[in-house]
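The number in this note's numbering is simply the position in the sequence shown, starting from 1, with 29 added. C-beta atoms are modelled at their ideal positions from N, C-alpha and C, and glycine is treated no differently. This report concerns only the one structure given below.
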Amino acid sequence: MAGADHDDCCRGAHAASQQGEFTQATVWDACRDGIQEAIETQLDDEQAPPVIIDGLPTIGKTRHAKEIAFDLDVSAAILTHRYETRDQHLGLAAEHQKTVVEVPTLDRDCPTRRGEYGSDWAERINDYRLRGASPTYLHYYLQDVLPCMQDGDCPYLARWDAVEAADVIVGGPAHAALDRVVDDRVVIFDEDPGTAYRTEFDANQLSTAISTFLSKNGDLPIDNHFGLIGAATNEGMEAIRDAIRDELSDDTSIARPTEAVDDDDGHAEAPTAVLAMLELGGPIIGDTAPTEYDWDDQLREEAGLDYVELPDGSQVVYDHAESRVVIRRPPTLDAARAVVGLDGTPIEELWRGRLGVDEIVSWRILCDDCRARYLRDVIGYEFVQTTSHVKPYSSGEYVNRRGDFGVIEAVANRHDTTTGVITTKSAAERLFEEPSSEPFIDIERVTDQIADVKHYGALRSSNDFTGTEVGVVLGSPHPGDRPLQITAALEGFTAVRGDEGKGTDLDYGIPERPFLRHYREHKIAQAVLRFGRTTAATVYIHTGVLPEWLSEMVTVGPEAVTTEERSEGQRGVIRALLDEGPGTAAEIANREGVSIGEKQTRDWLKRLRSEGYVSRDDSQPYTWGANGLADAPHTAHVRLPELG
């Protein structure tokens, strides 16, 4: 096992063997000791690579990281996406003798950005940021006119002296790009930095930004995007290409923040895009493609993408199909004392590329068997998989409102409680915000049985469902082929969807499917483990794609669950009984909104009676009445298994 000399199957098992029992406390001790050892290994050996602590979301990684950071003899930086988590770190500062300071942000520390000098100034600052200008640069470049700089330094700038002197600083992953945040510190990334170092241009933004930059720079021999394409694709324009390279490759960084401020259409990364287009030979125009440029033939031919790394270390992917450019500028962590990442579902390829390091190692706290033991036996999770279908819900197009509502209502009824729901953002909008086009699908009836709805994209490090005993995860996320292919290209892989594989067999031709697992299976695992966390929870998983280690922990699989969707006519009978009260089959069939005949109505009433939702008297003909029908799932009859 990486990072350990003992013979146990994992760190958790080793801690248990040392303490004589396998408990939550021993697993948490294993996590804390793993983080501590990862830091000490790098402090003792400058050549030791960064370490990812591979630990489930339930074993206290965040808490242990801050406690260790406060106890170190060297300075530390804790970098996390969520302000909520940063505040938790800062809240513990009073319990320690160390100085703990938050890295300033425009949103929290700049009165101009917060709107104290009017919305126009706030929007202007926000626009500059979106176009690539750093907060510090903006304050100095605009100091003569920026309202917050008129009576001395803005609080945003004033806080930096305290940051540089602090024992522990707390910020976001984007702050790792600043030398004064990471140099000579132990740097702890609480979760994958994600897209913190990426800039994207769509076709219109790319053309506008490039043309704006070229037209303003008289030292360059071309003045618009079309001229750049000509220079990149025409072998006879080598002198122009050399002139552009000479102009843009002299500086430490190709990016120029003034481009974001001096023109409404400018962008700081426009020069980077210019040089990338030049080195990649521009877009494919028919069969014309210069042969002197060193692109990856397989990447271009099979995925329609190009990749280049520029002299300043920035990495660029160009998408020929959509004329889109993605620029990644990883941080420089060479001067950090140690680098540790915390991740419940890590992919080493992504961590290595996003942090800009040549090597990174992953230390698992719990092996698969011990994960199952911990989650089921120690915490008390029960996992019920309600379908074998993938249910790709990222676009919202394939959402099944009748089936999904049926599952939610059935779960709430079974446990006699409101349930938490996690799904994609598009699916949540489709299910709970858009009016139904079908008669008698009552959205409010369902939302009344939901405690809260979250979407996959907002889950990392979230504690919103901590202590929630019952949860439902609806559908699987998948960003689509192009985002996955671009992510893979940035890490040196060509991802191409197989001709036959789809659903659970979907494959992009990369061993172990790291990028698909990152976007799909791992996000599902993160969602499932948002519920309960340190207390028992029952989680219903309404998708067929799970990480293998999680699928092996499923208490009851989809073969034990049946879902029978209610038709429009069946829903009409339910509504007629609830709104107008008891009646004979003939009377109910003739009520407004009932679209089925007397015989079908009678058959349906018998079915509802067998489900326990309708009663009848002994008269002839029978009079049927609601008997708990108000609680019946109205869009589908879902039979859930009995749990122990």
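{"Query": "Taking the straight line between their C-alpha atoms, what separation do you get for ILE251 and GLU267?", "Result": "13 Å"}
{"Query": "Contact defined as beta carbons within less than 8 Å: I believe GLY409 pairs with GLN555. What is the distance between those atoms, to the nearest angstrom?", "Result": "With 8 Å as the limit, GLY409 and GLN555 do not qualify as a contact, their Cβ atoms being about 19 Å apart."}
{"Query": "Write down the C-beta distance between ILE553 and LEU535 rounded to the nearest angstrom, noting that I regard them as a contact closer than 8 Å.", "Result": "So it is not a contact: roughly 14 Å between Cβ atoms."}
{"Query": "Kindly give me the distance between the Cβ atoms of ARG357 and GLN344, rounded to whole angstroms, as I take these residues to be in contact under 8 Å.", "Result": "5 Å"}
{"Query": "Throw me the rounded Cβ distance for the ALA206 and PRO360 pair, which I believe falls under 8 Å.", "Result": "5 Å"}
{"Query": "By DSSP's criteria, ARG61 is part of a beta bridge. Which residues make up the other side?", "Result": "Its beta-bridge partners do not exist; DSSP assigns none."}
{"Query": "Within the same chain, show all residues whose beta-carbon is closer than 8 Å to that of LEU249, passing over the 5 residues directly before and after it, in chain order.", "Result": "LEU243, ALA272, ILE273, GLU276"}
{"Query": "Pick out the complete beta strand (DSSP E) segments inside the stretch 464-545, 3 residues or longer, and give them in chain order.", "Result": "479-484, 499-503"}
{"Query": "Taking only three categories from DSSP, how would you classify ASP292?", "Result": "coil"}
{"Query": "Applying the criterion that 16 or more other CB atoms from any shown protein chain within 10 Å of the CB defines a buried residue, is TYR226 buried or exposed?", "Result": "buried"}
{"Query": "Following the continuous beta strand (DSSP E) through ALA367, name the residue where it begins and the one where it ends.", "Result": "367-372"}
{"Query": "Taking ASP363 as the reference, which of VAL210, THR523, LEU606 has the closest Cα?", "Result": "VAL210"}
{"Query": "Around the C-beta of ARG28, are 16 or more other C-beta atoms found within 10 angstroms, so that it is buried, or is it exposed?", "Result": "Limits of the chain in this structure are 30 at one end and 673 at the other, which puts residue 28 out of reach."}
{"Query": "Less than 8 Å between the CB atoms is what I'm expecting for GLY382 and GLU520, so what's the real figure, rounded?", "Result": "4 Å"}
{"Query": "VAL390 and VAL80 - do their beta-carbons sit closer together than 8 Å?", "Result": "yes"}
{"Query": "Under three-state DSSP, which class holds PRO421?", "Result": "strand"}
{"Query": "How would you label SER639, buried or exposed, when you count the other beta carbons within 10 angstroms and need 16 or more for buried?", "Result": "exposed"}
{"Query": "Measure the alpha-carbon distance for ASP510 versus HIS571 and round it to whole angstroms.", "Result": "23 Å"}
{"Query": "Rounded to a whole number of angstroms, what is the C-alpha to C-alpha distance between THR523 and ILE198?", "Result": "38 Å"}
{"Query": "Near CYS399, what residues of its chain come up, given a Cβ to Cβ distance below 7 Å and the 5 sequence neighbours on each side ignored?", "Result": "CYS38, CYS39, GLY41, ALA42"}
{"Query": "Extract the residue ranges of the alpha helix (DSSP H) inside the stretch 95-181, only unbroken runs of 4 or more that lie entirely within it.", "Result": "112-120, 135-138, 148-159, 164-170"}
{"Query": "My guess is that SER644 and PRO508 are in contact by the Cβ rule of under 8 Å, so how many angstroms apart are they, rounded?", "Result": "Actually they do not touch by this definition, with Cβ atoms about 50 Å apart."}
{"Query": "By Cβ distance below 6 Å, which residues in the same chain neighbour GLY63 in space, the five residues on each side in sequence not counted?", "Result": "ARG40, ILE82, TRP392, ILE394"}
{"Query": "To test your reading of the DSSP string, which unbroken alpha helix (DSSP H) runs of 4 or more residues are found completely within the stretch 196-256?", "Result": "208-211, 232-245"}
{"Query": "Would you identify the three-state DSSP class for THR592, choosing helix, strand or coil?", "Result": "strand"}
{"Query": "Counting beta carbon pairs with one atom in the stretch 166-177 and one in the stretch 211-230, are three or more of them shorter than 8 Å?", "Result": "no"}
{"Query": "If you reduce the DSSP assignment to three classes, tell me which class HIS547 lands in.", "Result": "helix"}
{"Query": "According to the Cβ coordinates, are LYS127 and ASP196 closer than 8 Å?", "Result": "yes"}
{"Query": "By the three-class DSSP mapping on this structure, what secondary structure does ASP83 have?", "Result": "strand"}
{"Query": "Which residue marks the beginning of the beta strand (DSSP E) containing ARG459, and which one marks its end?", "Result": "Segment 454-461 is the alpha helix (DSSP H) holding ARG459; no beta strand (DSSP E) there."}
{"Query": "Buried or exposed for ASN233, please, with buried defined as at least 16 other CB atoms from any protein chain shown within 10 angstroms of its CB.", "Result": "exposed"}
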